[in-house]
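Heads up: the sequence shown runs through residues 0 to 262, numbered per numbering that gives the first Met the number 0.
Ideal Cβ positions, reconstructed from N, Cα and C, are used throughout, including at glycine.
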Amino acid sequence: MKICLVAGSDNLPVAFVKKAKELGDEVFVVGVKGITSIEANAYLPLGKVGTLVKLLEKHNINKIVLLGKFEHKLLFSHLLTLDSLALKILKRAKDRRAQSLIRALMDELEEMGFEFIDPKPYLEELLAGKGTLNSLEPSREALEDGLFGFPIAKEIAQLDVGQTVVVKEKTVVSVEAMEGTQEAIYRAGKLAGKGCRVIKVARKNQDFRIDVPTVGLDTLEALRQIKADALFLEAGKVYIVDKDKFLKLADKYKISVVGLPIT
């Protein structure tokens with residue numbers, strides 16, 4: 000199978016390409032200038048959807064995967080110059096929430112004969128499991144905060160506001176919005192100091208073709224800097240980029256990494 004991978008930042012696209020090649024798939028990587036981390040076969044400016052379509056038609060590709068980080072705040076960036084097809088998609092979206100925009104993109108391109116595929120089968124080994132994932136068990140207080148914050152995070156995610164909340168002593172300190180996970184964590188550190196707990200979840204009916212909830216080394220570094228002591232991830236729904244290195248560093252930083260629900 001020939002797949003176009005539209006790659007954002009972080010190393011999740013790297014893991015996808017590696018697994019796809021192991022399975023015998025051919026991957027054509029399209030990068031976005033100034034964003035994509037992985038080496039790409041072609042680079043396009045942000046907002047040039049029509050150019051992407053022409054590129055796919057030229058290479059006879061109709062399968063598309065979206066992976067990697069594309070920050071929502073780019074919607075208001077000076078780097079964003081929309082072509083006519085991108086403008087059509089923007090008008091088609093019911094609002095400018097991330098889910099709505101990507102859904103409009105998918106609907107438009109699927110009407111043109113393209114298919115967006117779920118990357119989950121290629122990335123299952125990176126999923127958070129249940130229970131403590133590294134060698135450091137959470138304290139009773141940390142676990143209570145994780146269990147307190149988990150249903151709140153699920154509700155926030157369902158509203159397509161964000162997928163991360165930060166809690167301390169059963170108080171919500173910060174909620175992720177357009178700024179992204181790391182900035183929400185740093186904001187919590189400024190507000191509440193050390194001892195925060197971070198919870199990251201997926202939406203209740205997560206469409207992994209649209210969005211893959213992830214944490215990575217930059218997330219862990221943010222936790223370290225604010226002296227957080229626990230990270231809670233929705234088991235089977237959130238991916239850990241660079242998983243082995245991530246969990247070893249979490250041990251070093253004395254941060255418990257826990258998949259919820261525990262059992």
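Inter-residue Cα distance where the pair is residue i and residue j
i           : j           : result
residue 234 : residue 164 : 16 Å
residue 51  : residue 106 : 15 Å
residue 83  : residue 92  : 15 Å
residue 124 : residue 215 : 14 Å
residue 98  : residue 2   : 22 Å
residue 32  : residue 154 : 34 Å
residue 132 : residue 126 : 11 Å
residue 282 : residue 162 : Given that the chain is displayed from residue 0 to residue 262, the structure contains no residue 282 and the question cannot be resolved.
residue 13  : residue 219 : 19 Å
residue 267 : residue 11  : Coverage of the chain is limited to positions 0 through 262, which leaves residue 267 absent and any answer about it impossible.
residue 59  : residue 41  : 15 Å
residue 250 : residue 198 : 18 Å
Nearest to residue i (by Cα), restricted to the options the options
i           : options              : result
residue 142 : 229, 188, 70 and 153 : 229
residue 237 : 187, 156, 34 and 44  : 156
residue 44  : 71, 85 and 17        : 85
residue 8   : 28, 34 and 19        : 34
residue 20  : 200, 121, 150 and 60 : 121
residue 152 : 203, 248 and 251     : 203
Secondary structure of residue i, DSSP reduced to three states
i           : result
residue 126 : strand
residue 147 : helix
residue 53  : helix
residue 47  : coil
residue 211 : coil
residue 104 : helix
residue 233 : strand
residue 26  : strand
residue 113 : coil
residue 83  : helix
residue 262 : coil
residue 60  : coil
With 16 other Cβ atoms within 10 Å as the buried cut-off, status of residue i
i           : result
residue 112 : exposed
residue 67  : buried
residue 4   : buried
residue 181 : buried
residue 212 : buried
residue 175 : buried
residue 100 : buried
Residues near residue i by beta carbon distance below 6 Å, same chain, minus five either side
i           : result
residue 137 : 229, 255 and 257
residue 47  : 82
Cut-off 7 Å between Cβ atoms - residues of its own chain near residue i, not counting five sequence neighbours on either side
i           : result
residue 146 : none
residue 172 : 165, 166, 187, 190, 191 and 195
residue 62  : 0, 1, 2, 3, 114 and 116
Cutoff 8 Å; reference residue i; Cβ partners in own chain excluding five residues on either side
i           : result
residue 207 : 117, 118 and 119
Residue i Cβ short of 6 Å to the ligand HEM heavy atom set
i          : result
residue 58 : No copy of the ligand HEM occurs in the structure displayed, which carries no ligand at all.
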